[in-house]
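Participant: I am attaching a structure below and will ask some questions about it afterwards.
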Ligand SMILES: Nc1nc2c(ncn2[C@@H]2O[C@H](COP(=O)(O)OP(=O)(O)OP(=O)(O)O)[C@@H](O)[C@H]2O)c(=O)[nH]1
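Residue numbers (the UniProt record's numbering): 1 to 248.
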């Protein structure tokens with residue numbers, strides 16, 4: 001599969017002076033609290049698994065990857081966890097903004113958390129509403145497949161729900177299997193790369209490259225694969241281990 005640039009836009013400019021910018025693919029990851037959104041994003045982008053838990057307020061990660069031989073910039077928006085309350089969903093504003101911003105949405109539930117599964121239909125509706133006539137593609141991830149003894153969502157329920165919602169389904173374990181996680185995100189990237197890049201009205205100035213969907217100011221600038229945060233969390237995990245060892 002080849003990445004298709006919008007050639008009609010590019011050829012409006014002197015070809016020898018104009019270099020097409022990398023295609024940017026924007027993915028929002030949404031789901032309940034503690035289902036492993038951060039773990040999945042970090043696993044996909046860095047191959048590493050983060051074992052400790054820290055509630056996140058929503059980080060934007062950015063990385064250059066190859067999609068079928070073409071260089072593509074992937075931006076992945078991790079979002080705060082959504083809760084299901086007696087009055088419906090408690091939905092952080094950040095989540096709605098991320099859905100509007102994204103080219104595609106990854107819905108995540110944990111097989112160990114029934115509430116996170118029940119949330120998916122609500123979140124899917126939100127995505128459909130936000131996308132209007134042209135909703136973004138969605139994939140459904142069931143995470144924590146390694147925790148067999150804690151399973152609260154039966155294996156067939158995920159695929160059934162995905163069929164109902166009309167999206168692809170993957171059961172994965174961020175902790176145990178990098179290939180599963182990478183495969184799910186990568187297939188989504190391939191699907192997006194096949195689509196023509198979103199292009200605004202061409203301008204006479206080649207320096208103003210084909211513009212992207214305007215991102216909400218609520219969404220922070222990308223952090224390059226958030227190494228500082230990773231290091232800090234690794235250090236915390238390490239010092240906890242050292243404490244455990246010395247106290248034995
Ligand atoms: N066993 C197991 N644990 C996982 C897996 N994925 C994530 N976890 C753990 O689940 C906990 C929550 O993971 P996070 O990635 O922080 O979850 P989150 O969805 O970003 O959580 P919020 O920030 O509250 O929305 C952490 O302790 C992770 O290490 C998995 O596949 N298997």
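In this text, a Cβ means the ideal position worked out from N, Cα and C, and glycines have one as well.
Using three-state DSSP, classify residue 109 as helix, strand or coil.
Facilitator: strand
Participant: Which residues mark the beginning and the end of the beta strand (DSSP E) in which residue 66 is found?
Facilitator: 60-67
Participant: Can residue 37 be considered in contact with ligand 1, in the sense that its beta carbon sits closer than 6 Å to one or more heavy atoms?
Facilitator: Proximity of the beta carbon of residue 37 to ligand 1 is indicated: a heavy atom of the ligand is located closer than 6 Å.
Participant: Determine the extent of the beta strand (DSSP E) in which residue 74 is found, giving its start and end residues.
Facilitator: 70-78
Participant: Less than 7 Å between the beta carbons of residue 63 and residue 114, yes or no?
Facilitator: no
Participant: Just to confirm my understanding: we take residue 122, look at its own chain, exclude 5 residues before and 5 after, and list those with CB closer than 6 Å. What are they?
Facilitator: 89
Participant: Here's the rule I'm using: 16 or more other beta-carbon atoms within 10 Å means buried, otherwise exposed. How should residue 36 be labelled?
Facilitator: buried
Participant: What residue does the alpha helix (DSSP H) around residue 99 start on, and which one ends it?
Facilitator: 93-101
Participant: Counting Cβ pairs closer than 8 Å, one from the stretch 122-139 and one from the stretch 45-62, do we hit at least three?
Facilitator: no
Participant: What first and last residue would you give for the alpha helix (DSSP H) that runs through residue 194?
Facilitator: 178-194
Participant: Specify, as a first and last residue, the run of the beta strand (DSSP E) that residue 30 falls within.
Facilitator: 23-31
Participant: DSSP beta-bridge partners for residue 139?
Facilitator: 106, 168
Participant: For residue 94, does the count of other Cβ atoms within 10 angstroms reach 16, so buried, or fall short, so exposed?
Facilitator: Answer is buried; the Cβ neighbour count reaches 16.
Participant: Nearest-angstrom Cα distance between residue 53 and residue 34?
Facilitator: Cα to Cα, residue 53 sits roughly 8 Å from residue 34.
Participant: Does the pairing of the stretch 170-181 with the stretch 66-73 give three or more beta-carbon distances under 8 Å?
Facilitator: no
Participant: Excluding the 5 residues preceding and the 5 following residue 167 in the sequence, name in chain order all residues of the same chain whose CB lies nearer than 6 Å to its CB.
Facilitator: 138, 139, 140
Participant: Straight-line CA distance for residue 201 to residue 86?
Facilitator: Residue placement at residue 201 cannot be trusted, given a pLDDT of 39 that sits under 50; what the coordinates show is reported in the next sentence. Distance between the alpha carbons of residue 201 and residue 86: 45 Å.
Participant: For ligand 1, any of its heavy atoms closer than 6 Å to the Cβ of residue 113?
Facilitator: no
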